[in-house]
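Student:
Okay, structure coming up:
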């Protein structure tokens, strides 16, 4: 039988205390949604990813831009690919025109003829343009570009000011052919919690019939005989 002196008992008690504190901290971290992998995302990191804008304008930031301001930004960053008036250069897409072409053999899906929501135009420019430096424009520049492209398509007047209040109110020519709020439920059937469907039994297989032959690993003899 071993006997411990006083100092050993003190060290053992301290060790037990540290262990209990560690377990308590781990439980607290787990209850808070942190499981020891990676690190919690900061507000700045979340904001960097949370940039989507809904068709109803939710997600649009503060800021504004005019058609004239957008023309200057467009000439600097966009005209080399999309043309001076949105006509498209080379194989780069057109931004303007195409009215009434959607039912033709070669429809032109431009902002004016096809795009359903002005806020979606802001969202796309913000996240993907210019092609050589996406997400490099300021919010005001994106608002200005959105106003200018809408004006190129005769959707807004030259004195239009784009911001988070005015963009959702813009009526796009093709808006009525889109539905962004799906009224259908996520699922059609009621959830089954007990006495659900019988176990699925595989009764046949293409393996072994020279349709999709297995060349790596064993065959299921019960399915190929």
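Numbering (this note's numbering), first residue to last: 918 to 1142. Glycine residues also receive a C-beta, built at the ideal position from the N, C-alpha and C atoms. Since the model is a prediction, treat every value here as computed from it, not as a measurement.
Suppose you measure from the CA of residue 1014 to the CA of residue 1086; what does that come to, to the nearest Å?
Tutor: Answer to the nearest angstrom: the Cα atoms are 22 Å apart.
Student: Using CA coordinates, which residue listed in 961, 1101, 1058, 957 is at the minimum distance from residue 982?
Tutor: For the residues 961, 1101, 1058, 957, the minimum Cα distance to residue 982 belongs to 1058.
Student: Would you grab the beta carbon distance between residue 1007 and residue 999 for me? Rounded to a whole angstrom, and I think it's under 8 Å.
Tutor: Wrong, their Cβ atoms sit about 10 Å apart, outside the cutoff.
Student: Using only the alpha-carbon positions, how far apart do residue 994 and residue 956 sit?
Tutor: Straight-line Cα distance between these residues: approximately 37 Å.
Student: Looking at the strands, I want to know which residues DSSP matches up with residue 983.
Tutor: Bridge partners of residue 983: 1078.
Student: Do the CB positions of residue 988 and residue 1035 come within less than 8 Å of each other?
Tutor: Contact flag unset, no.
Student: Out of 1030, 980, 1024, 1095, point me to the one whose CA is closest to residue 1054's CA.
Tutor: That would be 980, whose Cα lies nearest to the Cα of residue 1054.
Student: Per DSSP, what kind of secondary structure is residue 1006 in: helix, strand or coil?
Tutor: Residue 1006 falls in the coil class under three-state DSSP.
Student: Does the beta-carbon of residue 879 have 16 or more other beta-carbons within 10 angstroms, so that it is buried, or is it exposed?
Tutor: The question about residue 879 has no answer here: the residues shown for the chain are numbered 918 through 1142.
Student: Touch check for the stretch 960-971 and the stretch 1017-1029: three-plus C-beta pairs under 8 Å?
Tutor: Counting Cβ pairs under 8 Å, fewer than three are found: no touch.
Student: Considering only residues of the same chain and omitting the five flanking positions on each side of residue 1047, which have a CB-CB separation below 6 Å?
Tutor: Correct list, in chain order: 994.
Student: What is the DSSP secondary structure of residue 1036, reduced to helix, strand or coil?
Tutor: Helix at residue 1036.
Student: Who are the near neighbours of residue 997 in its chain, counting only those whose CB is closer than 8 Å to its CB and skipping five residues on each side?
Tutor: If we look at residue 997 and ignore the five residues flanking it on each side, its Cβ neighbours are 1006.
Student: Sort 1066, 1045, 1099 by Cα distance to residue 1002 and report the nearest one.
Tutor: The shortest Cα separation from residue 1002 among 1066, 1045, 1099 belongs to 1066.
Student: Distance check for residue 1030 and residue 992, CA to CA, integer angstroms please.
Tutor: Cα to Cα, the separation comes out at about 22 Å.
Student: Please state whether DSSP places residue 965 in a helix, a strand or coil.
Tutor: Looking at residue 965 - three-state DSSP - the assignment turns out to be helix.
Student: Could you tell me the boundaries of the alpha helix (DSSP H) in which residue 999 lies?
Tutor: Residue 999 -> alpha helix (DSSP H) spans 996-999.
Student: Are residue 978 and residue 1056 touching if we call contact CB-CB under 8 Å?
Tutor: Contact flag set, yes.
Student: Taking just the CA atoms, how far does residue 1096 sit from residue 1124?
Tutor: Computed Cα separation, rounded: 43 Å.
Student: Run through DSSP, which three-state label would residue 1065 get?
Tutor: Reduced to three states, the DSSP call for residue 1065 is helix.
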